[in-house]
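Below you'll find the structure, written out as structure tokens, and then a few comments.
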Ligand code: MD3
Ligand code: FE
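Residue numbers (our numbering): 187 to 399.
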């Protein structure tokens, strides 16, 4: 629907080769996305994973789709079951899949067909240390990330852990598509600042759509 009171149309910001930010692209779908996040979490609750090193992660996670990013004593892997409950993951909601496909297409990836969606929930102070996402089978497939709620400072580095990093603010409705060479860049999230988002409340959510297998 045309919204005469929304004068902020989405815009694109190239970030690096293969990576583009679609600023505010998910804003129209914000309420619908939040409803579906809460429905997924009602089935498979957010869970603070214990890392293989024995630390409780500050970010809470759940998943939807055929596969989810999960962990047990042996480490991390994509699994059809939520290892915290033994239940399958909920199906990927239509509004999730459609938005991810549209965003990928707008970034030039016409073949994207995600089978996994990781949902991260940040509370004040929660962070994600610099890491690479390389456990997916086909690294030619991009990752589409959707940010909702409180803003966060995203760190985006190079191909080695020690490379210089850039800091980018990711706000409610921002989508980033990571493909090509950028797919293997180190990245992380700095500790979340406390606040209240008018739609989402005291959290930041991030959806990452992936082709796991
Ligand atoms: C760059 N999530 O779940 S989204 C993750 O905001 C993750 O929750 C962050 O990193 C978050 O793995 C960052 C942006 C993002 C996602 C995946 C990427 C950046 C990426 C994969 C490759 C390169
Ligand atoms: Fe990541």
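Glycine included, every Cβ here is placed at the ideal spot set by N, Cα and C.
With a Cβ-Cβ cutoff of 9 Å, do residue i and residue j count as a contact?
i, j, result
"residue 332", "residue 201", "no"
"residue 394", "residue 319", "yes"
"residue 337", "residue 379", "yes"
"residue 251", "residue 267", "no"
"residue 372", "residue 346", "yes"
"residue 385", "residue 217", "yes"
"residue 359", "residue 213", "yes"
"residue 313", "residue 376", "yes"
"residue 208", "residue 363", "yes"
"residue 299", "residue 327", "yes"
"residue 248", "residue 281", "no"
"residue 289", "residue 245", "no"
"residue 369", "residue 204", "yes"
"residue 365", "residue 293", "yes"
"residue 335", "residue 291", "no"
"residue 322", "residue 242", "no"
"residue 316", "residue 351", "yes"
"residue 230", "residue 265", "no"
"residue 311", "residue 341", "no"
Check residue i in the structure and name its three-state DSSP category.
i, result
"residue 199", "strand"
"residue 277", "coil"
"residue 226", "helix"
"residue 270", "coil"
"residue 344", "coil"
"residue 314", "strand"
"residue 282", "helix"
"residue 396", "strand"
"residue 216", "helix"
"residue 263", "strand"
"residue 326", "coil"
Check the DSSP bridge columns for residue i and list the partner residues they point to.
i, result
"residue 308", "390"
"residue 247", "233 and 306"
"residue 208", "198 and 361"
"residue 298", "None, per the DSSP bridge assignment."
"residue 412", "Any property of residue 412 remains undetermined from this structure, which presents the chain solely from 187 to 399."
"residue 368", "DSSP, once it has assigned bridges, lists no residue as partnering residue 368."
"residue 374", "341"
"residue 383", "387"
"residue 254", "265"
"residue 242", "236"
Would you say the beta carbon of residue i comes nearer than 8 Å to a heavy atom of the ligand COA?
i, result
"residue 205", "Of the ligands this structure carries, namely the ligand MD3 and the ligand FE, none is the ligand COA."
Heavy atoms of the ligand FE versus C-beta positions, residues under 6 Å
The filter returns 317, 319 and 373, in chain order.
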